[in-house]
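Quick note on my numbering: the sequence shown kicks off at -7 and runs consecutively.
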Amino acid sequence: MPSFSGPFAAEYQEAWQRSETDAVRGVLQDGHISDQEWSQVLQSLKDCLSSQGITVTSYNEKDGSYESNVGEVDGDSANASMGKCEVQSGEPWIGRLYRAQTSNPENIPETQLLTDCLVRNHAVPESYTVEKYLEDAPTMKFPFIDEGGEQTFALCNQDTSYTHTH
């Protein structure tokens, strides 16, 4: 296994260990997923599914979900084929890494990004911390200091880079 470094070293190591094909490991080995490599991974997934009679009709780049037309394939067979093709292409873990390195290149924890978004948008006090967020999150009772706090929370959850414009 290569010696991975950088903000995503642990994630690349985990993806390498989960990978079952040389093609997937080839994408991972340099610790970076290029746009071209990502495109090849998606094409590999689509080709594999197509060989099983399943057509990918749409792919959501934001979360990695996709819709498909299974045609005459029964549900259990379709699910088995999807699982097999996802593993073979490496799409689940390569996709997660690709999206993360694109949207969060420093690999800052999501809870930190959410907390920063809430503070930046004046939904919570400036003194609000990740630790406090983790205490408040299970009950969804946040110390909003603004009447739009809940809406800001929802917007920050959709996109942690959200900034309210007046």
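Cβ coordinates follow ideal geometry from the N, Cα and C atoms, glycine included. Note that this is a predicted model, so its numbers are computed, not measured.
Limits of the unbroken beta strand (DSSP E) element including residue 51: It spans 47 to 51 - the beta strand (DSSP E) in which residue 51 sits, taken as one unbroken run.
Residue(s) in a DSSP beta bridge with residue 59: Residue 59 is bridged to 50.
Buried/exposed call for residue 38, threshold 16 Cβ in 10 Å: So residue 38 counts as buried.
Spatially closest choice to residue 78 from 109, 10 and -5, by CA coordinates: Looking at the Cα atoms, 10 is the closest of the given residues.
6 Å Cβ shell around residue 144 - same chain, five flanking residues per side excluded: Non-local beta-carbon contacts of residue 144 in its own chain, meaning distances under 6 Å to residues more than five positions away in sequence, involve 113 and 115 in chain order.
Burial state of residue 104 (16 or more Cβ within 10 Å): Burial check for residue 104: the Cβ neighbour count within 10 Å stays below 16, so the residue is exposed.
CB contact flag (residue 16, residue 25, <8 Å): Inclusion of residue 16 and residue 25 in the CB contact set at 8 Å is not warranted, their separation being larger than that value.
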